[in-house]
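Read the structure below first, then the notes.
2 protein chains.
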Amino acid sequence: MAQPSSDDAGRPAPDARQMVAYFALMEATALLQHGVEQQLRSTGDLSYVQFQVLVRLAYADGPLTMTQLADGVVYSRSGLTYQAARLAKAGLITRRPSPDDERSVLAQITDDGRDLVGKVLPGHIEVVQRLLFNALSEDDLDRLGGITARLRDHMRSEPPRSAAPRRKPDRSSPDSGADPS
Amino acid sequence: MAQPSSDDAGRPAPDARQMVAYFALMEATALLQHGVEQQLRSTGDLSYVQFQVLVRLAYADGPLTMTQLADGVVYSRSGLTYQAARLAKAGLITRRPSPDDERSVLAQITDDGRDLVGKVLPGHIEVVQRLLFNALSEDDLDRLGGITARLRDHMRSEPPRSAAPRRKPDRSSPDSGADPS
DNA sequence: TATTGTTATACTCTATAACTATA
DNA sequence: TATAGTTATAGAGTATAACAATA
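Protein chains in written order, with full-length UniProt numbering: chain A, 1 to 181; chain B, 1 to 181.
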């Protein structure tokens, strides 16, 4: 359990400061997620993932395929199938085979789904306001927004090494999947 | 769904910018958590919660009671009991009744537990380094650390209104806890 | 009575692998 | 063959409520 508070290489021991920031980030976001999920659950009986799916569909131009929907929302296909089945059962979305490609399924939000989003969103924003932004200055907000946007892009492009997820080439991906099977 | 994307006053109309920052934060941290959890799982067969418990015990001065351990780690007592049972079964911690207070249980990390933390931690730090800090400048790091620390403190002191956790015996609010008596 | 912790139970969620059907 | 999606299954995790024991 030796902690490298100081390295032989004379480095200014960045690890300690980094780890403090890391743990603060993890705890803060855990608290935020917890608060947000409680609001979604109590107001609309929705998990955060379900809320994301609904919001995506609500703001999409039209129906989306499951693959489009899965992008960034859930980490396995079956997970999305599960959630979509749940939302469909609750009457919040519909699913039908795509006319263009019979393999695909088009998911579309229903009027009930829109109503629910409309019902849930104000309280959602309010919680975020209270938990997150009430503690931030204007400067903080800009910085946090900039930093997290950069982080998001960075992590999107650098997936966990040990996991090798199913990269989905959207249109023109030069990446040729190393799929050992 | 009307959104106040713009306002005449210089200051307000924060919602659009705020929500962008919020979504960026949520997605970035989801990616970070996912990466970190994969490393912990593949390297040490640990969830993040279990890792937290182990680390807390590893750096604690001595054994901790379940209540001390639960602080900030898990959101229900039974959840901690479940995780502690799991860790004990794996031989990573021990539990024994406290001599001081027979109601309490003292949890203590074992040598195997320390070994596992020592085994997992370097890779953990490496993942965080790669996913998080490689995308951050020194300035970013300081700012993110400062902001998230403030956020954490803020959220700790301002629990979700609708949830009313056990932390505060607030006598005057008969919340929606459905306590018929 | 209040606090500490466990147990029983039920449920949500996620991932893997096998599967179907279409391209 | 490759892709889109579902299903079957299995396990992890969490919360609630009832419970026992101690303070």
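Yeah, the Cβ is synthetic: ideal placement off N, Cα and C, and Gly gets one too. Source: prediction; values computed, not measured.
Residue i: first and last residue of the uninterrupted beta strand (DSSP E) it sits in
| i | result |
| --- | --- |
| Ala149(A) | Note, Ala149(A): premise wrong, no beta strand (DSSP E); alpha helix (DSSP H) at Glu138 to Ser157. |
| Ala90(A) | Premise fails: Ala90(A) is in no beta strand (DSSP E) and is neither H nor E. |
| Leu69(B) | Taken as a continuous stretch (DSSP letters only), Leu69(B) belongs to no beta strand (DSSP E), being part of the alpha helix (DSSP H) at Met66 to Ala70. |
Cβ-based burial, residue i [other Cβ within 10 Å; buried from 16]
| i | result |
| --- | --- |
| Asp179(A) | At Asp179(A) the pLDDT is 35, less than 50, meaning the model places this residue with poor confidence and gives no usable figure here. |
| Ala85(B) | exposed |
| Arg156(B) | exposed |
| Glu138(A) | exposed |
| Gly113(A) | buried |
| residue 184(A) | Because chain A here runs from 1 to 181, residue 184(A) falls outside it and cannot be looked at. |
| Asp15(A) | buried |
| Pro63(A) | buried |
| residue 187(B) | The requested residue 187(B) is not part of the displayed model; chain B covers only 1 to 181. |
| Glu27(B) | buried |
| Arg143(A) | buried |
| residue 205(B) | Since the first residue shown for chain B is 1 and the last is 181, residue 205(B) is missing from the structure and cannot be characterised. |
| Gly145(B) | buried |
| Leu96(A) | For the sequence presented, residue 96(A) should be read as Arg rather than Leu. Answer is exposed; the Cβ neighbour count stays below 16. |
Residue i beta carbon near the ligand ZN (any heavy atom closer than 8 angstroms)
| i | result |
| --- | --- |
| Val55(A) | No copy of the ligand ZN appears in this structure; indeed no ligand is present at all. |
The alpha helix (DSSP H) enclosing residue i, as first and last residue numbers
| i | result |
| --- | --- |
| Leu121(B) | Asp111 to Leu131 |
| Val49(B) | Tyr48 to Tyr59 |
Coil, strand or helix - residue i by DSSP
| i | result |
| --- | --- |
| Leu106(A) | strand |
Problem - Validate contact between the stretch 57-68 of chain A and the stretch 32-40 of chain A using beta carbons, cut 8 angstroms, 3 pairs - result: no
Exercise for the section: Count the CB pairs spanning the stretch 41-60 of chain B and the stretch 102-121 of chain B that are closer than 8 angstroms, and state whether there are at least three. Expected result: yes
Practice task
Determine which residues of the stretch 125-136 of chain A have a Cβ less than 8 angstroms from any Cβ of chain B, and write them out in chain order.
Solution key: Ile125, Val127, Val128, Gln129, Arg130, Leu131, Leu132, Phe133, Asn134, Ala135 and Leu136
Problem - Cβ-based contacts, 8 angstroms cut-off: residues of the stretch 75-99 of chain A near chain B - result: Tyr75
Practice task
May I ask you to list, following chain order, the residues of the stretch 64-75 of chain B that have a beta carbon less than 9 angstroms from some beta carbon of chain A?
Solution key: Gly72 and Tyr75
Practice task
Evaluate contact between the stretch 39-54 of chain B and the stretch 122-134 of chain B, counting only Cβ atoms and requiring at least three cross-stretch pairs below 8 angstroms.
Solution key: yes
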